[in-house]
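As you go down the protein sequences, you meet chains A and B in turn. In terms of our numbering, the first sequence opens at residue 1 and continues consecutively. In terms of our numbering, the second sequence opens at residue 1001 and continues consecutively. Every residue gets a Cβ at the ideal spot worked out from N, C-alpha and C, and that includes glycine. See structure below.
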Amino acid sequence: MELLLIILYLFALYRPRLILPALAAHAVHLVSSAMQYGRIPLIGMHDTLGFLAFCIGIVYVISGWKRKRDLFSYVTIPVLLLLLAGSIASPEIPGALPPVLRTIWFELHVILSFISYALFAIGSVFGILSFCRKEERAEINQYRSLLFGYVLFSIAVIFGGIWAYLAWGTYWLWTPKELWTTIIWIFYSLYLHARLVRGWTGPKVIWMGIIGFVIVMFTYAGVGRLMKSSHEF
Amino acid sequence: MGITISPCSLPYPVVEMKNFFLSLKTTVWTLFGLVCLFFIGSYQMPMHREIFSQMNEGPLIHWAEGTAAKNVWQTWWFFSAIAGLVLLTINTIVCSLQTIKAKWSHSDFLLRTSPQVTHIGFLFIMIGHLLGAGWGYKLSGMMSEDSFVRLPENRGLYLQRIFVQTDTAGFMQDWSAEASLYENNDLVKSGTLGPNKPLFYKGTGIYVKSLSFETGPVALLLIAKDPGAVWALAGGILFMLGSVTLLVLKWNNA
Chain A
1 MELLLIILYL
11 FALYRPRLIL
21 PALAAHAVHL
31 VSSAMQYGRI
41 PLIGMHDTLG
51 FLAFCIGIVY
61 VISGWKRKRD
71 LFSYVTIPVL
81 LLLLAGSIAS
91 PEIPGALPPV
101 LRTIWFELHV
111 ILSFISYALF
121 AIGSVFGILS
131 FCRKEERAEI
141 NQYRSLLFGY
151 VLFSIAVIFG
161 GIWAYLAWGT
171 YWLWTPKELW
181 TTIIWIFYSL
191 YLHARLVRGW
201 TGPKVIWMGI
211 IGFVIVMFTY
221 AGVGRLMKSS
231 HEF
Chain B
1001 MGITISPCSL
1011 PYPVVEMKNF
1021 FLSLKTTVWT
1031 LFGLVCLFFI
1041 GSYQMPMHRE
1051 IFSQMNEGPL
1061 IHWAEGTAAK
1071 NVWQTWWFFS
1081 AIAGLVLLTI
1091 NTIVCSLQTI
1101 KAKWSHSDFL
1111 LRTSPQVTHI
1121 GFLFIMIGHL
1131 LGAGWGYKLS
1141 GMMSEDSFVR
1151 LPENRGLYLQ
1161 RIFVQTDTAG
1171 FMQDWSAEAS
1181 LYENNDLVKS
1191 GTLGPNKPLF
1201 YKGTGIYVKS
1211 LSFETGPVAL
1221 LLIAKDPGAV
1231 WALAGGILFM
1241 LGSVTLLVLK
1251 WNNA
């Protein structure tokens, strides 16, 4: 199924709206996985990389609805395909959710986190467009994407805190993963404030929007592998 | 650049200090400094596990006064981050007060208030962390079925039974534990504990963290009191309200 998805997503390189069949097939795949295991398919790298690719596809089609084939597709679709390939390469974790993950707070925390990651990804693509294509609206689109991502990310962190408090009696721990989550949150707070400072607008802030997604990807995929944490990913 | 104060009404150092705390550049550089400090911290923590492993075990202030103060070469980033957060808190308060003091009009009421609501949410979260760091406690220990343990504040906990649900392969699917809490020898609360289902009484939570079956069913219990949790929750709600409102208002006027 995942190989079929890769082929379908490739059509989006020809025309952005052709991503719709791929997204529909991906949605069917997610629902069937959920029904098979009786849980949301968001456990481990296999599930989450696939879900992140799906979220990026959704944000891509909404923000690029009126666009023709251009750099926006040439940057976004390969990133999406790379994530999907990573999902295929990662082992699947079968079975039901462990008892501690069976709560709406976990589901909301993870879903909102990955939607915000997708918005951060598209924000960085708009940053690249701003530099390479000198598009006038690219900086504004980057700001909108990152502001929306920041709000969802903040809500995801708050919901994660509520879940952690109910599960383990603490809403925040001093671990590398939580520190990196705080780094993301502070970094985008910095972006939003820096945009208001004279002398920081323009290239400096656009670069920050691009670098932000690198930090997000390291927090998501790198910290769990390199540093011991309460999070699996 | 932020708002500047006229130097005619206040002594020069006071004006300079006020302008410093009112400046958005102070916000930006403090946030940048915090990013750098947390980055360093995330690398220091796994390298010096013997120092940082106790960080989450009890009130943070006890760790800071004891272990952290004795190992400043490894924990300097932590103390610097606390100083950065204090600076950011003062900066947030001063900037928000200045905005509230400025002239208001009906047309930009929400646009002016929503960032301040977000800022107040942030301040509440900081207060929550401060209260939790200074006045909270955590206790943990193993309890078997039909056993009783004494707790702080003249309380006691009786663990009646542990229920475990397994699948056909013998893997644990779900579990619960019946417990009763006593205060001054009077029963004050009883209920069923489970995953994500603690028993709360006067701000103290009783959690079953894990189960062991080597010598019969035994539960690892955690008793946690965090007086800052309510503040942090209120801060989180305010932060969400303020930021969602700001998003809606800024979306079309970006």
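**Item:** Three-way DSSP call (helix, strand, coil) for L1246(B) in this model
**Value:** The three-state secondary structure of L1246(B), taken from DSSP, is helix.
**Asked** Are K1225(B) and G1136(B) touching if we call contact CB-CB under 7 Å?
**Response** yes
**Request:** Tell me whether S1107(B) is buried or exposed, calling it buried when 16 or more other Cβ atoms sit within 10 Å of its Cβ.
**Result:** exposed
**Asked** Hey, is V151(A)'s beta-carbon within less than 7 Å of any beta-carbon in chain B?
**Response** yes
**Request:** Within the same chain, show all residues whose beta-carbon is closer than 8 Å to that of A34(A), passing over the 5 residues directly before and after it, in chain order.
**Result:** I40 and P41
**Asked** Where G1041(B) and G1205(B) are concerned, what is the direct C-alpha to C-alpha distance, given to the nearest angstrom?
**Response** 30 Å
**Item:** Distance CB(L84(A))-CB(I6(A)) smaller than 7 Å
**Value:** yes
**Request:** Answer with yes or no whether the minimum CB distance from D1174(B) to chain A is below 7 Å.
**Result:** yes
**Interface partners of F187(A) on chain B, CB under 7 Å** = V1035
**Prompt:** Just the Cα atoms here: how many angstroms apart are G1084(B) and A1064(B)?
**Reply:** 16 Å
**Request:** Identify whether I1162(B) lies in helix, strand or coil by the three-state DSSP scheme.
**Result:** strand
**Request:** Using three-state DSSP, classify G1002(B) as helix, strand or coil.
**Result:** Reliability of the predicted coordinates at G1002(B) is poor, the pLDDT of 45 falling under 50, and no value is obtained from them.
**Message:** Can you list, in chain order, the residues of its chain with a C-beta nearer than 7 Å to that of I155(A)? Leave out the 5 residues immediately preceding and following it.
**Reply:** L112
**Asked** Can you pull the DSSP bridge partners for R1150(B)?
**Response** G1156(B)
**Local Cβ density within 10 Å of P16(A), reported as buried at 16 or more and exposed below that** = buried
**Asked** So which residues of chain D does G1236(B) contact, with C-beta pairs closer than 8 Å?
**Response** In the displayed structure, chain D is absent; the protein chains listed are A and B.
**Request:** Could you tell me which uninterrupted alpha helix (DSSP H) segments, each at least 4 residues in length, are contained entirely in the region 2-79 of chain A, listed from first to last along the chain?
**Result:** 2-10, 19-37 and 44-63
**Item:** alpha helix (DSSP H) segments (min. 4 residues) lying fully within the region 1064-1120 of chain B
**Value:** Counting only runs of 4 or more, we get 1072-1101.
**Asked** In chain A, which residues lie with their C-beta within 8 Å of the C-beta of M1045(B)?
**Response** W174, T175, P176, L179 and M227
**Asked** Within 7 Å (strictly less), CB to CB, does H109(A) reach chain B?
**Response** no
**Item:** Backbone CA spacing between S1243(B) and I115(A) [nearest angstrom]
**Value:** For S1243(B) and I115(A), the distance between alpha carbons rounds to 17 Å.
**Request:** Please name the residue, chosen from P1195(B), K1202(B), L1199(B) and I1223(B), that lies closest to L1211(B) on a Cα-to-Cα basis.
**Result:** Of all alpha-carbon atoms in P1195(B), K1202(B), L1199(B) and I1223(B), the one lying nearest the alpha-carbon of L1211(B) is that of P1195(B).
**Request:** Pick helix, strand or coil for V151(A), following the three-state DSSP scheme.
**Result:** helix
**Request:** Using a Cβ-Cβ cut-off of less than 7 Å, list which residues of the region 1013-1027 of chain B approach chain A; keep chain order.
**Result:** L1024, K1025 and T1027
**Message:** Based on DSSP bridge pairs, tell me the residues matched to I1127(B).
**Reply:** Beta-bridge pairing links I1127(B) to no other residue.
**Request:** Give the DSSP-derived three-state secondary structure of E1183(B) in the structure shown.
**Result:** strand
**Request:** Just the chain A side, please: which residues come within less than 7 Å of W1251(B) by C-beta, in chain order?
**Result:** R144
**Request:** Go ahead and pull the three-state DSSP assignment for A1254(B).
**Result:** coil
**Asked** Listing by chain order, which chain A residues have their CB less than 7 Å from the CB of K1189(B)?
**Response** Neighbours of K1189(B) on chain A: none; closest Cβ ~16 Å, over 7 Å.
**Message:** Tell me which residues share the same chain as I1237(B) and place their Cβ nearer than 8 Å to its Cβ, disregarding the 5 neighbours each side in the sequence.
**Reply:** G1121
**Prompt:** What first and last residue would you give for the alpha helix (DSSP H) that runs through I236(A)?
**Reply:** Given a span of 1 to 233 for chain A in the structure shown, any question on residue 236(A) remains unanswerable.
**First through last residue of the alpha helix (DSSP H) which encompasses M1047(B)** = L1024 to M1047
**Prompt:** Does the Cβ-Cβ distance between V235(A) and V75(A) come in under 7 Å?
**Reply:** Because chain A is modelled from 1 through 233, residue 235(A) falls outside the range shown and cannot be assessed.
**Prompt:** Looking at the C-beta of M1142(B), does it have a partner C-beta in chain A at a distance below 7 Å?
**Reply:** no
**Request:** Label F72(A) either buried or exposed according to how many other C-beta atoms from any shown protein chain fall within 10 Å of its C-beta, with 16 as the threshold for buried.
**Result:** Counting every other CB atom within 10 Å of its CB across the protein chains shown gives F72(A) a total of 16 or more, marking it as buried.
**Message:** At a cut-off of 6 Å, would you count H1048(B) as near the ligand NAD, judging by its Cβ distance to the nearest heavy atom?
**Reply:** For the ligand NAD, the structure offers nothing, since it holds no ligand at all.
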